[in-house]
Amino acid sequence: ANLVLYTSQPNEDAQATVDGFMAANPDIKVDWVRDGTPKIMAKLQAEIEAGNPVADVLLIADTVTLERLKEAGKLMAYKSPEATNYDASLYDADGYYYSTKLITTGIIYNTSASLKPTSWKDLTKPEAKGLVTMPSPLTSGAALIHAQTLAGVDGLGWDFYKGLAANGATAAGGNGGILKAVASGEKAYGMIVDYMPIREKAKGAPVEFVFPTEGVSAVTEPVGILASAKNADAAKKFVDYVLSEKGQEGFVKLGYIPARNGMKLPEGFPARDSIKVLPINAASALKNTDADLKTFSGIYGSN
Amino acid sequence: MYGYVRPGNSQPAWLFPFIVLIVLILSVLPLARLAMTGVAAFANGGAIAVLSDPALWSATYYTLVTAVLGTIISLIIGCAFAFLLTLTDIRAKGVISFLFVLPMMIPPQVTALAWVQMSGPSSPLLKALHIAPPLGSPQPLYSVGGIALLYGVQHAPLVYLALRASLMSLPRDGVEAARLSGASSFRVFRDIILPLSLPGIIAGAAISFVSSTGNFGIPAILGIPASIYTLPTLIFTKFSAFTSRTFGDVALLSAIIAIISVAGLAIQDRALRGRDYRVLGLSGATATFELGYWKLLFAPVLWILIFFMLAAPFFALVAGALVPAYGVPLTFKTMTFQAFSEILFTQAVTRTAFVNSLSLAAGTALCLLMVTVLAAYALTRRKDLLGRIVASVIEIPYSLPGIVVAVSFILVFAAPIPLINVTIYGTVWIILIAYLSSFFAVSLKPVVSAFHQLDPALEEAARLSGAGFFRRLKDIIVPLIAPAAGASVILVFLIACNELTISALLWSAGTQTLGVAIYNLDDSGSSDLASALSVLVVLMVVFMMLLLELMAKRLPKGVVPWRN
Amino acid sequence: MAKLILNRVAKDFGTGRAAVSNLSIDVREGGFLALLGPSGCGKTTVLRMIAGFETPTDGSLHLGERLLADASQSLPPERRNMAMVFQSYALWPHMSVADNVGYPLKVRGVSGEAYRRKVGEALATVRLEAYAERRPADLSGGQRQRVALARCLVTSPDVVLLDEPLANLDRHLKQEMEETFREFHQRSGATMVYVTHDQSEAMALATDVAVMSEGQLLQVAPPDEIYARPEGRVVGGLIGRGAIVSLRSPDGDVRQLDWAAVEPLFSGEGGSASRADVLVRQEDVVLGGEGIAATVESVLYEGERYAARLRLADGQILRAFSRSKLAVGDDVRAMIRGAWRL
Amino acid sequence: MAKLILNRVAKDFGTGRAAVSNLSIDVREGGFLALLGPSGCGKTTVLRMIAGFETPTDGSLHLGERLLADASQSLPPERRNMAMVFQSYALWPHMSVADNVGYPLKVRGVSGEAYRRKVGEALATVRLEAYAERRPADLSGGQRQRVALARCLVTSPDVVLLDEPLANLDRHLKQEMEETFREFHQRSGATMVYVTHDQSEAMALATDVAVMSEGQLLQVAPPDEIYARPEGRVVGGLIGRGAIVSLRSPDGDVRQLDWAAVEPLFSGEGGSASRADVLVRQEDVVLGGEGIAATVESVLYEGERYAARLRLADGQILRAFSRSKLAVGDDVRAMIRGAWRL
Ligand SMILES: Nc1ncnc2c1ncn2[C@@H]1O[C@H](COP(=O)(O)OP(=O)(O)OP(=O)(O)O)[C@@H](O)[C@H]1O
Ligand SMILES: Nc1ncnc2c1ncn2[C@@H]1O[C@H](COP(=O)(O)OP(=O)(O)OP(=O)(O)O)[C@@H](O)[C@H]1O
Ligand SMILES: [Fe+3]
Ligand SMILES: [Mg+2]
Ligand SMILES: [Mg+2]
C-alpha cells in the first residue's frame, strides 16, 4: 500500500514535499491529505476510535500536539540518523517526533499604518488602539503556542494580553484571516506566522513583517510516525527525508526557516541568529493547555 | 390473503419499512455510533463538568438566538422574492429568480468576508460615499445581528425555493372568489394566499432554521472576533485538542444541536397540524396581481437585495482573483489573469475537484430525489407517532455541523464493513453516503409540502385506472409535484456542489471536492487562486442553469424554479 | 362479473355522526343501481367504499365470492378493476385531454393503433374530439365532466361508479350520455352504481333505485315499483313530485287510494280517527270544475306547463300541474286521481 | 343598482376558436337573466367577464353609466360589488364553513353581533348550521355547493353571478334554493345572471332567458315567450322537450300551427314544395285512436309518465308522453295539438 501522510502544510507546500520525497524514493508512492490541524486531528481521532487509523506519518502543527499523541501512546519511536544535525530541543529524546522547520509568530502591519511597531509592547500603545488583531488559540495551534510562549516571558506574560485587550485588540480565527484583515486595511496590526506576510509582500501586498525585539515564538511542524503505521519502513524513510539536507532545502525554497543546523534562510528573512526564538517546554505547555485556554478566554471574553 | 392491505393505508406494505431502513442507515447508524463513542468517553465521569461549563450554555444561547433571528430574516427576504416573483406582474421575473438562486453557490465564508469588507473601513463603497468608518472602528457585523443577517442572506434562497413550489399550486378560483368578495389585493394576500401557502413558508422556515443551527462558516468569521461562539464553532475548537474526552464533548454538543433542531421541528409540526390544505379540484393557473405603482417600490428593492446578496460578494471574488496579492488595489495596471491560468492549466486538482463535485452533487441529488419522493409519500400518509419520529430523525444530520457528520461516518466506515468486508473509507462512496445523510432533510422539505397540497382524488383516479404504486408514482404523482421535486433536486445539487466541511474530513487522494480545493487554497494563503476557482464554480453553475433553461421545455412544468 | 354485495357496511369519519351506517345492498350481476338521496346523506361515501378509497369501519363488501374489504383488510383500488367518475372530476392537470382519457388503457398495456382508436372513440362519444390536445384547465366545467366520463368508459371495468356524472351537462348532452351509459351497460355487462340527484335520470337508467337518507338505506326497488309504492315520507317526498298530506286513516289495509277512497278523507268524513300520511302526486291532481276547493298559492312557469302550489281549506298543501296559466289567489277545485298511503 | 350592459363583447383565449364573440345583452335593472346553452358554449366565460376575471378582447361592459371593462381597461373585481357562485365552488380550504361564508362581510368591515347574525342566517338558508365549524374538505359535494351559495348571498351585491349553482343538489334542496333566490332577488333588487343547464330552473326563476351557442347569442326573451316562440333549431331544440321535423312549408306567414294546419303537412298534402323545420313539443303529441301513424322506437320510464320516441312512416322522429306503459314496436296514432315553425 502507499504511504499515507496527514499534514497541515499548505497545499502547494505539501505537494512539493511529497514530490521531493518521491523523487528521492522512486519505489514509494505517497497519498497525502491536508487540512487545518483541528480537522486533521478530528479525522485522525475518529479513525483511531474506529480502530483503523489510515495515516502512517504525521507532519503537523506543533510539538504540543505530538506530545499529546505520544502520551496517548499513539506514536512510534524511531531514532533517525539525521537527528545529530538538530538542536536537542527540536526533537523528542525518545525519537517520537522531530521538528522540521521553524514557523515563528511576529507582527504584521499595514504599510499605511502610522506606527511602525518593533516590539510586542508597541501594540499596546494608544496609536494602535482598536487596530490590533490576532489569531485565536482556539482555532490556530500556532497561536496557542504563541500565547503560551509570551505568557512565560518576563515583562510580557498574561498582563501583556490583558493590556492588548484593554487596547481594543481582537482575537479572531486563523492566520489567513489576520493577513486579510491587515492587508485590506481593516486592521492595521496583527500577530501572524512569518511566511504568509513575507510571501504576500513579495507579491506586492501592502504589508510588512517584523520580528519583535523581545523575540518570537515558534512552532516547529514536527514529523512523527503513528504507532499503528502499516508502512513503518516507508514512514521511517519519510522522516529521514524531511530531516535530511535535501528535504530541508525544499522547505527553504518554500519560504520557511529550516530546523536543521547550518542551513541558509529563505529570502526576505533576516539572518538566522538575529531571530530570537523564545523557548517553550512542550511537556509543561501540554499540561497547562486547558488552563491557558481558560485564561485567554477569560481575557478575551470568550468561552 | 394475497394483495390485501391494512385499512387506512394506501401505500404498499414494504414502503414504510423501506424508508425506515434507509433512515436507519443514513441517520440512525452514524448518530448512534457517535453517541456510543461519546458515552464511552464519559464512562468515567466528565459529562457533568461539560454540562456545567458556562461556555456550553452561552454557545447554546447564541446558537438559538442567531438561528431564530436568521430564520426570520431569511423568511422576510425569501418570502418577498417568492411572492413578488410568482404572483405579481413585476418585470424581469425570470432574470431575478435566476440570479436569486445563485448566492447559495457562493461559499458562506466568501459572502461573510465580502460583507465584512463592504461595511468595514476599507469598503470601496463606503469610501466612495465618504461614510467609511475610520480605521479600527468596531466592525458592526461582528455581532449576533451580523451573524443572523448573514444566515438570513445565505438561507433566503432556500425559503424562496420551498415557498415557490407551494405557491405554484394555489387555486386560482379561490383567489378570484376573494377578490369578488371585495377584498383588496392586500387582503386577498393576507387572508387567502398567505394562509394557503403557509405549509411552504413553514417548510422554508424549518430548512432555514436547521441550516442555521448547523452553520459553521459564518459564525467562525463573524462570531469569533466578537467572542460569540455557537455550538458548531465550539465543537470545532474541541477537535483541536486531542483528549480522551473529545468525543464525549462533541457527542454532547451535537446532542444539544439535535435537541434544538428537533424542538424546532416539533414547532413546525404543531404549526402544520390541521393545515392539510388539499387544493380541491383544479389548480395550477397562478394568480397574477397587478402591482401598478408599487412596482416602482418593489422592483428596486429586489434589485438592491440581489446586489448585496449576489453582485457584491461575487465582485469581491472576481476582484480577489484578479489582484496579484491580497490588499493590492485593483486597477487595470495591477490586474492579472495569472490566478485563472494557474487554476485552469497548472493545478491538476481543479479538474479532479470539478469532476468529483459534479458527480457527487448530481449523484446525491438524484439518489435523494428517488428516496425523497418515496419518503414524502409514506410520511404524509402516515400521521402516527412513528411517522413523526422518522421525520425528525431524517432532519438531525442536516442540523449538525458537517464536521460532526463526517466524524460519525468515519467512526462507522473507517473499518471494513462487516460481512462484505469492503472498505469504503477513502473512496468517494463514503462522501456520497454522508451527503445523502446530510441533505436528506433539504430534499425532503419541499416535496413533503407539495404532497400536503395534492388533491387526493387525483391519485385515487389513477389507482382506479389500475395503476400500481410505481406506475402512478411515475405518471401522476411525480409530475404533479414536479415543481417541488425540481426545487429539491436543484437545492441539493447547489448545496452539495459547494459543500466543504463533510468532504474536508472524508476526502483523500483523488477525491477532493471543489469546496475542499477552494478551502485548501485559501487556507494556504493563495486566496487569489481560491477566488479564481470560486469564480469558475459560480460560472459553471450559471452555465448549468442555462443548460437547464434550454431543456426546460422538455421538463414538467414548474420544475425549473426561475421559470414561470 | 359478479354480484356486488354490501353487507351491513358502516363508515364513521369520527365527526360524531356516522356518514353511512348499517347499509346492506346486493347489486345483481350486471345490475344498474341508482343511488338517490339528499345532499350529504352518504352517497359519495358508499361509492368510495366500493372503490376502495375508504375502508368501512364495520361490515364487509364482496364482489361475488371475492372479499373487497372489511374492517380489517382491504383490496387496494388498483386491483379491483373498477372505474369511477369523481364528483370533482379528478382530472390530471399535467396531461392533455387525450392522455387523461387514455391513461387507464396505457396502464393496461394497450398501445399503438388500438390505443389511439379507443381513445378516439371515447372522445367521440363525449363529443370532445376537437379538444384532445387541450389541458383540463382550459376546458369548461361540462367539458371537464365529459373528459372524466370518457376516462371512465374507455376500459372494460367490472364495476362502474358514477358520482353525479351528468350534473353539469345540458339536456341534450345529458340525454346522449344517458344513451351512452345504457349502451355501455348493455354491451359490457358491467355492474353500475350511479349516484344522482336527478331522479328522472335514475328512473330512466337504473334497474334498481336505492334511496338513502342520513347514512341509512331506506328502500331499494325497481324504478316503477319505487315510484308507485314508496315507503315512508322521505322516499315518498324524494321520488317524483307531489305533496304529502296528513289525512284520517283510510279503512282497511289498502294503500293505493282512488278518488272514491280519497274524497271522504279530505272532507273529513270517512276513515278512522288516527291520521295517516298520504302522498298525492302532482300529476294525479286534476284541476277542473269539481273536487276539493283550494287556493293557488304560487305558480311556477315550467315551459311545458305551470306548476302550482295549492292551499287547502285546512291549510295543507297540494301540488298540481296546469297547462293553462293560473294566477296566485285563484280559487280552484282539484280532483285526485290517485293517492298512496305511505 | 343599474342596468348591466354587454356591448359587442368578445373573448378569444387564443385557441383558434373564440370562446365568446360579438355578444350584446342588456340586463335590465334588477333583472334576472338566465343564460342557457350547451356545454362549452361560453357561459362561464361571460360570467367571468362580468365579474372582471377576464377582460374582453373586444367590446365593452357597463353597469349603468359606469364602464366595467373594455379591451384596454378593466375595473378590478374587488371594486365591482358583485358576488358569484363558482362552478368549482372556490371555497377556501383553510377556513371553516362559517369563515368562508362570513369573509365577504369581514372584508366590508362587518363584525360582532351583526356578523354572527348574518352568517348564521346565511347558513340557515342553506341548511348548514350544523356544519359551521367544518372544513370544506370534509363536506360532501352538495354541501360545498351550498357553502358557496351562502357566501354569495351573505352581502348585498349589485350583481349576483351564479354558475350552475344547483347542479349538485337534490330536488328538494333545489326547490328551496330556487325559492331563496327568488326571495333574495325580490328583497335585494340585485341584478342576477344565472347560468344553468336545467331549463326548468331557468324558466322558473328568470325574468329573461338568453340562449347561447358556440359563443354567440341566439335569442333573449322572457321565459314564456322563448318557450312559445323559439327562433331557430338550436333554441328550439334546447328549450323544452320535443322533436324537430322537416315538413313542407305551410302556406302563408303563420308560425303557430294547430292540428288542422299540421295534419296536411304530415300527410304531404298541403303546403308548398319548399321544406321547413317544425318544432313539435312532446306534450303536444297526444297518443290515441286517431292521428298520424307511428311506431314506438324506445320508451323511458320517468316515474310520472313514460317518454316515448316515435318513428313516423317517413323515418322522422316524434316524441310523446304517455301515462300508460308502451312497448317498443307498438303501433300508435298521434295527434298534434300544436306546432311551431322555426
Ligand atoms: N382558460 C382557457 N383557455 C382556453 N380555452 C378556454 C379557457 N377557458 C375556457 N375555454 C374554452 O372556451 C369555451 C367556453 O368555455 P366556458 O367555460 O365559458 O363554457 P361554458 O358555457 O361555461 O360550459 P359548461 O356548461 O360546460 O361549463 C370552451 O370551449 C372552453 O374549452
Ligand atoms: N373526509 C370527511 N371527514 C368528515 N366527514 C366527512 C368526510 N367526507 C364526508 N363527510 C361527511 O359525511 C357525510 C356524507 O358525505 P357524502 O360525501 O357521502 O355525501 P353525499 O351523499 O355524496 O352528498 P352530496 O350529494 O352532497 O355529494 C356528509 O355529512 C359529510 O359532511
Ligand atoms: Fe496548523
Ligand atoms: Mg357526493
Ligand atoms: Mg361553465
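Chains G, E, X and V supply the protein sequences, listed in that same order.
Each residue of the first sequence is one higher than the one before, starting from 258 at the first, in the working numbering.
Each residue of the second sequence is one higher than the one before, starting from 2 at the first, in the working numbering.
Each residue of the third sequence is one higher than the one before, starting from 15 at the first, in the working numbering.
Each residue of the fourth sequence is one higher than the one before, starting from 15 at the first, in the working numbering.
Beta carbons are placed, not taken as given, at the ideal position from N, Cα and C, and that holds for glycine.
Note that the structure is predicted; figures quoted are calculated from it, not measured.
* **Per-residue burial, residue 268(X) [other beta carbons within 10 Å of its own, 16 or more giving buried]** => In the third sequence, the residue the question calls residue 268(X) occupies position 254. Classification of residue 268(X): exposed, given that the 10 Å Cβ count is below 16.
* Just curious, the alpha helix (DSSP H) that residue 289(G) is in, first and last residue? -> Taking the first sequence and counting its residues from 1, one reaches residue 289(G) at position 32. Counting along the chain, residue 289(G) falls outside any alpha helix (DSSP H), though it belongs to the beta strand (DSSP E) covering 287-291.
* By the criterion of Cβ-Cβ separation under 8 angstroms, what are the contact partners of residue 237(X) in chain V? -> By one-based count along the third sequence, residue 237(X) stands at place 223. Taking a Cβ-Cβ threshold of 8 angstroms, the residues of chain V close to residue 237(X) are 315, 317, in chain order.
* To do: With residue 113(V) as the anchor, note down where its alpha helix (DSSP H) starts and where it stops.
  => If you number the fourth sequence from 1, residue 113(V) lands on position 99. Where residue 113(V) is concerned, the enclosing alpha helix (DSSP H) stretches over 111-121.
* Kindly confirm or deny that the region 356-372 of chain G and the region 462-477 of chain G touch, where touching means at least three C-beta pairs closer than 8 angstroms. => The answer is yes - the region 462-477 of chain G touches the region 356-372 of chain G, with three or more Cβ pairs under 8 angstroms.
* Of the residues 250(X), 148(X), 239(X), 229(X), the one placed nearest residue 293(X), counting alpha carbons only -> Within the third sequence, residue 293(X) is the residue found at index 279, counting from 1. The shortest C-alpha separation from residue 293(X) is found at 250(X).
* Asked: Are the beta-carbon atoms belonging to residue 421(E) and residue 304(G) less than 8 angstroms from one another?
  -> Locating residue 421(E) in the second sequence gives position 420, counting from the first residue. Locating residue 304(G) in the first sequence gives position 47, counting from the first residue. No; because the gap between Cβ atoms is not below 8 angstroms, this pair is not in contact.
* Thinking C-alpha only, which one of 509(G), 282(G), 455(G) is nearest residue 498(G)? -> Locating residue 498(G) in the first sequence gives position 241, counting from the first residue. Nearest to residue 498(G) by C-alpha distance, out of 509(G), 282(G), 455(G), is 282(G).
* Can you find a CB in chain V that lies within less than 8 angstroms of the CB of residue 267(X)? -> One-based indexing of the third sequence puts residue 267(X) at position 253. Taking Cβ atoms only, chain V never reaches closer than 8 angstroms to residue 267(X), which makes this a no.
* Among the residues of its own chain, which have a CB less than 8 angstroms from the CB of residue 23(V), if the five just before and after it don't count? -> Here the question's residue 23(V) lines up with position 9 in the fourth sequence. Result list for residue 23(V): 34, 36, 37, 38, 60, 63, 70, 72, 73, 74, 75, in chain order.
* With respect to the beta strand (DSSP E) encompassing residue 400(G), which residues constitute its N-terminal and C-terminal limits? -> The sequence position of residue 400(G) within the first sequence is 143, counting from 1. Per DSSP, residue 400(G) belongs to no beta strand (DSSP E); it is in the alpha helix (DSSP H), 398-408.
* **Proximal residues to residue 364(E) (C-beta, below 7 angstroms), its chain only, five neighbours per side dropped** => Position 363 of the second sequence, counting from 1, holds the residue named residue 364(E). These residues qualify, in order along the chain: 433.
* Asked: Ordered along the chain, which non-local residues of its own chain (more than five positions away) have a Cβ less than 6 angstroms from that of residue 418(G)?
  -> The residue given as residue 418(G) occupies position 161 in the first sequence. Answer for residue 418(G): 556, listed in chain order.
* Asked: Taking 7 angstroms as the cut-off, is the CB of residue 182(V) close to at least one heavy atom of ligand 2?
  -> Here residue 182(V) refers to the residue found at position 168 when the fourth sequence is read from its first residue. The answer is yes for residue 182(V).
* Asked: Since residue 270(E) meets chain V, which of its residues come closer than 8 angstroms, beta carbon to beta carbon?
  -> Looking up residue 270(E) in the second sequence gives position 269. Going along chain V, no residue has its Cβ under 8 angstroms from residue 270(E), so there is no contact; the nearest lies around 17 angstroms.
* To do: Would you list the one or two residues that DSSP bridges to residue 358(G)?
  => Walking along the first sequence from the start, residue 358(G) turns up at place 101. Residue 358(G) pairs with 515(G).
* Cβ of residue 59(V) within 7 angstroms of any heavy atom in ligand 1? -> Taking the fourth sequence and counting its residues from 1, one reaches residue 59(V) at position 45. Relative to ligand 1, residue 59(V) has its C-beta within less than 7 angstroms of a heavy atom.
* Proximity test, Cβ basis, 8 angstroms: residue 208(X) and chain V -> Taking the third sequence and counting its residues from 1, the one referred to as residue 208(X) is at position 194. Answer no: the Cβ-Cβ gap between residue 208(X) and chain V never drops below 8 angstroms.
* To do: Count the other C-beta atoms from every protein chain shown that fall within 10 angstroms of the C-beta of residue 505(G), then say buried if there are 16 or more, exposed otherwise.
  => The residue you call residue 505(G) lines up with position 248 of the first sequence. Buried is the label assigned to residue 505(G), since at least 16 other Cβ atoms lie within 10 Å of its Cβ.
* For residue 159(V), does the count of other Cβ atoms within 10 angstroms reach 16, so buried, or fall short, so exposed? -> Your numbering for residue 159(V) matches position 145 in the fourth sequence. Flag for residue 159(V) reads buried.
* To do: Mind listing the chain V neighbours of residue 251(X)? Cutoff is C-beta to C-beta under 8 angstroms, in chain order.
  => Stepping through the third sequence from its first residue, residue 251(X) is reached at position 237. Within chain V, the residues near residue 251(X) are 186.
* Asked: Taking the runs of the alpha helix (DSSP H) that are 4 residues or longer, which of them lie wholly in the region 305-334 of chain G?
  -> If you keep only unbroken alpha helix (DSSP H) runs of at least 4 residues inside the region 305-334 of chain G, you get 320-328.
* Asked: Just to check, is the beta-carbon of residue 159(V) closer than 7 angstroms to a non-hydrogen atom of ligand 1?
  -> Reading the fourth sequence from its first residue, position 145 is the one you call residue 159(V). Residue 159(V): no, Cβ never under 7 angstroms from ligand 1.
* Asked: For ligand 5, any of its heavy atoms closer than 7 angstroms to the Cβ of residue 102(V)?
  -> Numbered from 1 along the fourth sequence, position 88 holds the residue referred to as residue 102(V). If you check the C-beta of residue 102(V) against ligand 5, you find no heavy atom less than 7 angstroms away.
* Say whether chain G places a C-beta atom closer than 8 angstroms to the C-beta of residue 358(E). => Looking up residue 358(E) in the second sequence gives position 357. Under the 8 angstroms criterion on CB atoms, residue 358(E) is classed as non-interfacial with respect to chain G.
* Which first and last residues belong to the beta strand (DSSP E) in which residue 270(X) is found? -> Along the third sequence, read from residue 1 onward, the residue named residue 270(X) stands at position 256. Per DSSP, residue 270(X) belongs to the beta strand (DSSP E) from 270-272.
* Give the DSSP-derived three-state secondary structure of residue 432(E) in the structure shown. => Here residue 432(E) is taken as the residue at index 431 of the second sequence, counted from 1. In the displayed model, residue 432(E) falls within a helix according to three-state DSSP.
* To do: Please look up how many angstroms separate the CB atoms of residue 332(G) and residue 323(G), rounded, as I've assumed it's under 8 angstroms.
  => The count along the first sequence starts at 1 and reaches residue 332(G) at position 75. The count along the first sequence starts at 1 and reaches residue 323(G) at position 66. Rounded, the Cβ-Cβ distance is 7 angstroms, consistent with contact.
* To the nearest whole angstrom, what separates the beta carbons of residue 208(X) and residue 47(X), a pair I think is in contact under 8 angstroms? -> For this step, residue 208(X) is matched to residue 194 along the third sequence. For this step, residue 47(X) is matched to residue 33 along the third sequence. The distance from the Cβ of residue 208(X) to that of residue 47(X) is about 7 angstroms, consistent with a contact at the 8 angstroms cut-off.
* Contiguous alpha helix (DSSP H) assignments of at least 4 residues, all confined to the region 195-222 of chain X -> With a minimum length of 4 residues, the continuous alpha helix (DSSP H) runs that stay inside the region 195-222 of chain X are 213-219.
* **Buried versus exposed call for residue 106(X) [16 or more other C-beta atoms within 10 Å across all chains shown]** => Position 92 of the third sequence holds residue 106(X). Buried, because 16 or more other Cβ atoms sit within 10 Å of the Cβ of residue 106(X).
* Kindly provide the ranges of any alpha helix (DSSP H) runs that are 4 or more residues long and lie completely inside the region 493-548 of chain E, ordered along the chain. => When DSSP assignments are scanned along the region 493-548 of chain E, the uninterrupted stretches of alpha helix (DSSP H) that are 4 or more residues long and fall wholly within it turn out to be 502-507, 515-524.
* To do: Name the two residues that bound the continuous beta strand (DSSP E) containing residue 339(V).
  => As a first step, residue 339(V) must be located in the fourth sequence, where it is residue number 325. First-last for residue 339(V): undefined, no H or E at that position.
* Measure from the C-beta of residue 90(X) to each C-beta in chain E and report whether the shortest distance is under 8 angstroms. => The sequence position of residue 90(X) within the third sequence is 76, counting from 1. True, the Cβ-Cβ gap to chain E drops below 8 angstroms.
* Shortest alpha-carbon distance to residue 259(G) belongs to which of 329(G), 287(G), 279(G)? -> What you label residue 259(G) is simply residue 2 of the first sequence in a count that begins at 1. Among 329(G), 287(G), 279(G), the Cα nearest to that of residue 259(G) is on 287(G).
* Between the C-alpha atoms of residue 252(E) and residue 22(E), what's the straight-line distance to the nearest angstrom? -> Within the second sequence, numbered from 1, the residue matching residue 252(E) stands at position 251. Within the second sequence, numbered from 1, the residue matching residue 22(E) stands at position 21. The straight-line gap from Cα to Cα measures roughly 23 angstroms.
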